[in-house]
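Chains as they are written, first to last, in the UniProt record's numbering: chain Y, 1 to 275; chain Z, 1 to 275.
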């Protein structure tokens with residue numbers, strides 16, 4: 001159990017997927033949750049300026065903005081478009097007061113089997129974005145996704161790989177996400193969390209369920225419903241020096257079908273007892 | 001394309017899942033495939049002595065026996081039973097002339113979240129089995145399974161972890177499996193294949209499909225149907241010193257519904273052109 005109650009708990013907006021931004025903000029206020037992880041699409045739908053005003057006027061911190069990335073394309077046109085879109089995402093993060101923009105780097109380009117090439121392009125494209133992000137006061141947060149998404153979502157598959165990519169960049173430009181769902185299985189997890197130190201830009205939690213649901217993108221479960229032992233990971237992240245919020249980010253049809261207040265109350269209870 | 005045609009191609013029996021051992025043997029003979037990877041259940045069904053006689057009299061090599069393992073239990077009774085069963089599997093491998101017994105180490109025990117503990121027990125149990133296997137002339141082949149199986153099938157998740165576990169054992173006691181499906185995503189794959197050297201006891205191929213099917217155990221595809229670039233992996237395995245067979249092991253409902261001769265002909269063609 002964390003020492004300070006829910007003072008560092010953040011609700012990732014995706015956990016209340018079918019609710020609007022104002023409804024999610026209202027839920028945080030009702031439950032006393034002090035921070036939110038925001039997603040670009042619902043923020044854009046609400047208007048970025050209005051969204052920034054909404055969270056500020058309700059006294060909420062923004063712990064992260066999800067997400068930029070998709071940097072693996074081998075087409076010059078798509079690459080230029082991706083750079084434009086990521087710069088826009090960085091601007092949005094700055095406007096929202098989000099300390100970091102989470103990057104999901106993208107999978108193999110359509111029809112390509114060149115995994116090494118896709119990984120090289122992530123590094124090259126990141127180098128173009130990082131100075132821009134720094135000028136806006138936004139940190140790029142590389143998110144290693146579970147290896148089962150390597151082909152179609154993110155060729156960045158482990159925390160070690162994320163740190164290898166981040167190494168050449170100043171820490172205030174490029175950090176990493178530790179998301180329990182994606183990294184809990186990794187035999188080198190604790191070694192790499194220690195190595196990460198102040199590179200850790202975001203800490204996200206949810207559980208690993210079995211059997212995986214038919215749509216593996218929706219396998220992220222409420223803490224306690226799966227197999228992950230959270231406290232050792234949370235403690236390692238704190239020991240490494242991370243002082244930010246713990247974001248609960250759940251993609252799950254059942255959770256999404258549940259009323260927001262029930263999801264949030266369960267989330268708080270599980271967070272206090274299991275994380 | 002491999003230089004020597006199908007002289008080192010092995011049909012893993014699972015690829016023809018709904019066929020009997022004699023039917024699978026007959027297919028190999030028809031198609032000129034010189035080796036088979038066998039599975040314990042159909043071999044036991046046929047009779048181990050009779051199976052050994054059947055493959056030998058048809059001039060086939062046995063490239064591996066699948067599978068022992070399930071070494072993670074925290075119950076003394078289940079552990080004793082697992083040791084008994086693995087010794088039996090080693091005896092069967094010896095009788096069949098299989099150079100190695102593939103080990104799928106097992107997932108978290110029911111209700112347990114102690115991943116580190118499960119991984120420790122794999123090492124402890126392996127230490128009891130390895131000398132027994134050596135006396136029977138059978139090598140134990142640790143198979144790293146894709147991290148998506150960590151909770152429920154195998155807490156052994158990367159080639160690096162398999163090699164770390166194998167390190168203290170003599171090479172003729174404990175080797176490792178390189179299975180493209182399980183390891184293709186790994187950023188350290190080529191480094192670890194080189195490190196593996198003569199620890200490589202088995203090389204298995206099949207493709208990674210997207211989207212993953214509803215039952216993720218059946219996501220293994222025919223080479224060419226998915227995202228894996230085989231030649232660099234095959235070359236790395238050869239460069240590391242592996243001189244054994246390449247086993248094609250496919251778990252896939254569509255492949256299993258296809259007539260054996262069509263599966264085998266496709267497999268040979270894909271092997272010659274893509275592996």
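For each residue, glycine too, the CB sits at the ideal point set by N, CA and C.
Selected residue, minimal CA-CA separation from residue i, among the options
| i | options | result |
| --- | --- | --- |
| residue 159 (chain Z) | Z:214, Z:235, Z:201, Z:24 | Z:201 |
| residue 16 (chain Y) | Y:42, Y:34, Y:7 | Y:42 |
| residue 121 (chain Y) | Y:109, Y:44, Y:132 | Y:109 |
| residue 222 (chain Z) | Z:243, Z:140, Z:269 | Z:269 |
| residue 196 (chain Y) | Y:55, Y:208, Y:255, Y:239 | Y:239 |
| residue 49 (chain Y) | Y:93, Y:106, Y:261 | Y:93 |
| residue 170 (chain Y) | Y:61, Y:133, Y:188, Y:230 | Y:133 |
| residue 249 (chain Y) | Y:161, Y:259, Y:263 | Y:263 |
| residue 112 (chain Z) | Y:230, Y:27, Y:205, Y:12 | Y:230 |
| residue 18 (chain Y) | Y:261, Y:7, Y:91, Y:234 | Y:261 |
Proximity test, Cβ basis, 8 Å: residue i and chain Z
| i | result |
| --- | --- |
| residue 148 (chain Y) | yes |
| residue 49 (chain Y) | no |
| residue 214 (chain Y) | yes |
| residue 210 (chain Y) | yes |
| residue 108 (chain Y) | yes |
| residue 151 (chain Y) | yes |
| residue 157 (chain Y) | yes |
Short CB-CB distance (under 8 Å) between residue i and chain Y
| i | result |
| --- | --- |
| residue 227 (chain Z) | yes |
| residue 122 (chain Z) | no |
| residue 262 (chain Z) | no |
| residue 161 (chain Z) | yes |
| residue 196 (chain Z) | no |
| residue 187 (chain Z) | yes |
| residue 115 (chain Z) | yes |
| residue 180 (chain Z) | no |
Neighbourhood of residue i by C-beta distance below 6 Å, restricted to the same chain and skipping five residues each side
| i | result |
| --- | --- |
| residue 79 (chain Z) | 73 |
| residue 236 (chain Y) | 190, 193 |
| residue 228 (chain Y) | 180, 184, 207, 208 |
| residue 267 (chain Y) | 248 |
| residue 63 (chain Z) | 10, 35, 37, 245, 247 |
C-beta atoms of residue i and residue j nearer than 8 Å
| i | j | result |
| --- | --- | --- |
| residue 185 (chain Z) | residue 75 (chain Y) | no |
| residue 65 (chain Y) | residue 24 (chain Y) | no |
| residue 143 (chain Z) | residue 104 (chain Z) | yes |
| residue 165 (chain Y) | residue 218 (chain Y) | no |
| residue 155 (chain Z) | residue 119 (chain Z) | yes |
| residue 220 (chain Y) | residue 172 (chain Y) | no |
| residue 52 (chain Y) | residue 100 (chain Y) | no |
| residue 10 (chain Z) | residue 245 (chain Z) | yes |
| residue 148 (chain Y) | residue 146 (chain Z) | yes |
| residue 203 (chain Z) | residue 178 (chain Z) | yes |
| residue 123 (chain Y) | residue 67 (chain Y) | no |
| residue 210 (chain Z) | residue 152 (chain Y) | yes |
| residue 86 (chain Z) | residue 38 (chain Z) | no |
| residue 22 (chain Y) | residue 54 (chain Y) | yes |
| residue 232 (chain Y) | residue 161 (chain Z) | no |
| residue 265 (chain Z) | residue 31 (chain Z) | yes |
| residue 275 (chain Y) | residue 176 (chain Y) | no |
With 16 other Cβ atoms within 10 Å as the buried cut-off, status of residue i
| i | result |
| --- | --- |
| residue 84 (chain Z) | exposed |
| residue 168 (chain Z) | exposed |
| residue 225 (chain Z) | buried |
| residue 215 (chain Z) | exposed |
| residue 59 (chain Z) | exposed |
| residue 14 (chain Y) | buried |
| residue 137 (chain Z) | exposed |
| residue 45 (chain Z) | exposed |
| residue 77 (chain Y) | exposed |
| residue 106 (chain Y) | buried |
| residue 20 (chain Y) | exposed |
| residue 4 (chain Z) | exposed |
| residue 259 (chain Y) | exposed |
Residues of its chain near residue i, where Cβ-Cβ distance is below 8 Å and the 5 sequence neighbours each way are ignored
| i | result |
| --- | --- |
| residue 89 (chain Y) | 40, 65, 67, 68, 101 |
| residue 117 (chain Y) | 74 |
| residue 96 (chain Y) | 38, 43, 48, 51, 52, 55, 62, 65 |
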